[in-house]
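Reading through the structure tokens given below for one structure.
In the numbering used here, the protein residues as written are 292 to 738.
Structural data, given as structure tokens:
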């Protein structure tokens, strides 16, 4: 129902933008929407309409909308704002969201915005900016509640009532020493249900493992998934409490990883409404690479011109061999990339996964070589042609499993992202192997 209402509002906004008589209503419609809904509307609108919508959004909502937007689009909107406007827009955001937005700015602009903040917020944000964006330090929020182990539960409850408001997504408070060393967690539920006369030390959980500040975001995601976490403390190498990471941060990480894998695999731009110039630039690169690889495949075919002249039917069947190899290789490549993204690959299971893919390929070879032999025998009544395509199918499916697994591994070792480069390379390899094996076997059989 919510999705339907959002779609209805979006259609109304689009209608309003194209009809001057209704433009006075646009601001009211936008101000009734949540920040995430506004971000959706902006992202789903063409560039020339985004500026109109953005200018009508209330200033106290702009910061939250910026936090919901795609990073590239956020950078575009921020580029049209001065430091004072940015500082005002983001002043009420959580510290980690503040840091995310400032990381989208040029260094000079970041420093100017920081200079406009109060000393407390500036210090907290600068602490996060010191860490890599995709590390625990870059993800964490420094806004945490801490207590001492020797305090009573009653004192903790009085302290929480004094604060009146807890940081967003607070399910635990953290127990630290006088030197701010992490000692354990104290769940809110424990505070509410424990005897007020007990000390924190008697109630706290000392077995809860914190996250190291240098941990990679995918490792953190896996920890949240396997340990079923809602939040987790972040500590330094010396076990000093630095901040916390909450499940909403991890959901954003998961969504970003899925999006990046899809974008890389398809070699497309992130913003579907990007300017034609940007789209042309992005696509020209990969289409050019694909053209070069296609020329290599065509050159392999040209080696067998005499065969194609003698057996015209071979040209009809060539795409079948290449297509089967390409699809099989892409499947193996996808499995490798997914396992790698989930941090499930290591030296111990690498060989097992390779053996498994090879066994699957052998089974596919048996099934599809028999199937294609039967089909071509019935279709063309030519045993040489049927033998050739069946054997070529076997060679190409085996090659697809081998190269679909080894190529991304080699690309990663060489410093390239297999999600981006793997598809183009693997398709070329299976095309060439398919063409050469099929036409080569025919040449041998008719010699």
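For each residue, glycine too, the CB sits at the ideal point set by N, CA and C.
Exercise. If we call anything under 9 Å between Cβ atoms a contact, is residue 497 one with residue 471?
Worked result: For the purposes of this step, residue 497 is taken as the residue at position 206 of the chain shown. For the purposes of this step, residue 471 is taken as the residue at position 180 of the chain shown. Not closer than 9 Å, so no.
Exercise. What are the residues that DSSP puts in a beta bridge with residue 443?
Worked result: Locating residue 443 in the chain shown gives position 152, where the first residue counts as 1. Partner(s): 490.
Problem set entry | DSSP-derived helix/strand/coil call for residue 295 | Position 4 of the chain shown, counted from the start, is the residue given in the question as residue 295. Confidence is the limiting factor: at residue 295 the pLDDT is only 49, short of 50, which leaves the residue's position unreliable, though a coordinate-based value still follows. Three-state result, residue 295: helix.
For this session: Look at the Cβ atom of residue 717, then the Cβ atom of residue 686, and state whether they are nearer than 9 Å.
Result: The count along the chain shown starts at 1 and reaches residue 717 at position 426. The count along the chain shown starts at 1 and reaches residue 686 at position 395. No, the pair does not count as a contact, with Cβ atoms beyond the cut-off.
For this session: Measure the C-alpha to C-alpha separation of residue 399 and residue 405 and round it to an integer number of angstroms.
Result: In the chain shown, residue 399 corresponds to position 108, counting from 1. In the chain shown, residue 405 corresponds to position 114, counting from 1. Each residue's alpha carbon lies about 10 Å from the other.
For this session: Work out the CA separation of residue 336 and residue 368 for me, nearest whole Å.
Result: The residue you call residue 368 lines up with position 77 of the chain shown. The residue you call residue 336 lines up with position 45 of the chain shown. Using only the alpha carbons, I get a separation of about 13 Å.
Problem set entry | Those residues which DSSP pairs with residue 535 across a bridge | Translated into positions along the chain shown, residue 535 becomes position 244. According to DSSP, residue 535 bridges with 432 and 524.
Exercise. By how many angstroms is the C-alpha of residue 354 removed from the C-alpha of residue 293?
Worked result: Position 2 of the chain shown, counting from 1, holds the residue named residue 293. Position 63 of the chain shown, counting from 1, holds the residue named residue 354. Unreliable positioning characterises residue 293 in this predicted model, as indicated by a pLDDT of 48, which lies under 50. The coordinate reading is nonetheless provided below. Distance between the alpha carbons of residue 293 and residue 354: 23 Å.
For this session: Would you mind reading off the limits of the beta strand (DSSP E) that contains residue 396?
Result: Taking the chain shown and counting its residues from 1, the one referred to as residue 396 is at position 105. Neither: residue 396 is in no beta strand (DSSP E) and is coded neither H nor E.
Exercise. For the beta strand (DSSP E) that residue 338 lies in, which residues bound it at each end?
Worked result: By 1-based counting over the chain shown, the position of residue 338 is 47. Unbroken run through residue 338 is the alpha helix (DSSP H), 338 to 347; no beta strand (DSSP E).
Problem set entry | CB contact flag (residue 375, residue 394, <9 Å) | For the purposes of this step, residue 375 is taken as residue 84 along the chain shown, with counting starting at 1. For the purposes of this step, residue 394 is taken as residue 103 along the chain shown, with counting starting at 1. Their beta carbons are not under 9 Å apart, which means residue 375 does not touch residue 394 by this criterion.
Exercise. Can you pull the DSSP bridge partners for residue 423?
Worked result: Counting from 1 along the chain shown, the entry for residue 423 is found at position 132. According to DSSP, which records beta bridges pairwise, residue 423 is partnered with nothing at all.
Exercise. Using DSSP with H/G/I as helix, E/B as strand and the rest coil, what is residue 584?
Worked result: Within the chain shown, numbered from 1, the residue matching residue 584 stands at position 293. Correct three-state label for residue 584: helix.
For this session: Mark residue 465 as exposed unless 16 or more other C-beta atoms lie within 10 angstroms of its C-beta, in which case mark it buried.
Result: Taking the first residue of the chain shown as 1, we reach residue 465 at position 174. Answer is buried; the Cβ neighbour count reaches 16.
Exercise. Does the ligand COA have even one heavy atom less than 8 Å from the beta-carbon of residue 598?
Worked result: The ligand COA is absent from the structure shown, which contains no ligand whatsoever.
Problem set entry | Extent of the continuous beta strand (DSSP E) run through residue 603 | On the chain shown, position 312 is the one that residue 603 refers to. No beta strand (DSSP E) contains residue 603, which DSSP labels as neither H nor E.
For this session: Just the C-alpha distance for residue 736 and residue 629, rounded to the nearest angstrom, thanks.
Result: If you number the chain shown from 1, residue 736 lands on position 445. If you number the chain shown from 1, residue 629 lands on position 338. Straight-line Cα distance between these residues: approximately 41 Å.
For this session: On a CA-only basis, which of 545, 370 and 450 is nearest residue 430? Give me that one, please.
Result: Counted from its first residue, the chain shown places residue 430 at position 139. Of the listed residues, the one whose Cα sits closest to residue 430 is 545.
Problem set entry | Backbone CA spacing between residue 387 and residue 412 [nearest angstrom] | In the chain shown, residue 387 corresponds to position 96, counting from 1. In the chain shown, residue 412 corresponds to position 121, counting from 1. Approximately 11 Å between the Cα atoms of the pair.
Problem set entry | Three-way DSSP call (helix, strand, coil) for residue 503 in this model | One-based indexing of the chain shown puts residue 503 at position 212. Strand at residue 503.
Exercise. For residue 479 versus residue 461, is the C-beta distance shorter than 9 Å?
Worked result: Mapped onto the chain shown, residue 479 falls at position 188. Mapped onto the chain shown, residue 461 falls at position 170. Yes; because the gap between Cβ atoms is below 9 Å, this pair is in contact.
Exercise. So which of 349, 723, 358 and 305 has the shortest CA-CA distance to residue 609?
Worked result: For the purposes of this step, residue 609 is taken as the residue at position 318 of the chain shown. Cα-wise, what sits closest to residue 609 is 723.
For this session: Inspect the CB distances between the segment 675 to 685 and the segment 648 to 660 and report whether three or more fall short of 8 Å.
Result: yes
Problem set entry | Neighbour flag for residue 521 against chain D, beta carbons, 9 Å | Of the protein chains in the structure, only one exists, and it is not chain D.
Exercise. What does a CB cutoff of less than 6 Å around residue 383 pick up in its chain, not counting 5 residues either side in sequence?
Worked result: For this step, residue 383 is matched to residue 92 along the chain shown. Counting only Cβ-Cβ distances below 6 Å, and skipping sequence neighbours, we find nothing.
For this session: From the DSSP output, in three-state form, read off residue 417 for me.
Result: Along the chain shown, read from residue 1 onward, the residue named residue 417 stands at position 126. Helix at residue 417.
Exercise. Taking one C-beta from the segment 719 to 734 and one from the segment 603 to 623 each time, how about it: are there three or more such pairs within less than 8 Å?
Worked result: yes
Problem set entry | residue 661 vs residue 681 beta-carbon contact at 9 Å | Taking the first residue of the chain shown as 1, we reach residue 661 at position 370. Taking the first residue of the chain shown as 1, we reach residue 681 at position 390. Yes. Within cutoff.
Exercise. Considering only residues of the same chain and omitting the five flanking positions on each side of residue 715, which have a CB-CB separation below 8 Å?
Worked result: Your numbering for residue 715 matches position 424 in the chain shown. Here the set comprises 558, 577, 580, 581 and 584.
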